[in-house]
Amino acid sequence: MTQREQAEQVHDLFRLADRLRVPGHRNNVETFLGDLGELRVGLRRLYRDMTGAEPARERTSKRPSIAAFPAGPIAGTRAVVQHRGRPRRLAASA
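For the sequence shown, position 49 matches number 49 in this note's numbering, and the numbering has no gaps at all.
Next up, the structure:
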């Protein structure tokens, strides 16, 4: 890949980033997520073209732990996470 092609790809990605608008009264969430997905695909393609390898995907846990929530009067947060951590037989008997 030549420097000119890389510069064109970067320019296209900048245009996609400039077009990205946060959801609001004129922009819906689906459009925002679609544009964000296009930007991510373009960045992955540029990385692959420059290095010859796919970018590494970082593994993160999607489920929060009990320590993520403070003990307090917030309804429905800590109790739900504590419920997930209980053994199956205790959950079945409750």
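Where is the CB? At the ideal position from N, CA and C, for every residue including glycine.
Using a Cβ-Cβ distance cut-off of 8 Å, the segment 34–50 and the segment 1–13 are in contact, since at least three pairs of beta carbons, one from each stretch, lie closer than that value. Cβ neighbours of R44 within its own chain (closer than 8 Å, five residues either side excluded): E54 and P55. By the CB criterion at 7 Å, R21 and N27 fall inside the cutoff. Shown here for Q6: same chain residues with a beta carbon closer than 8 Å to its own, the five before and five after excluded, namely L46, D49 and M50 in chain order. Residues L16, R19, L20 and R21 of the same chain have their beta carbon placed closer than 8 Å to that of D35, with the five preceding and five following residues left out of the count.
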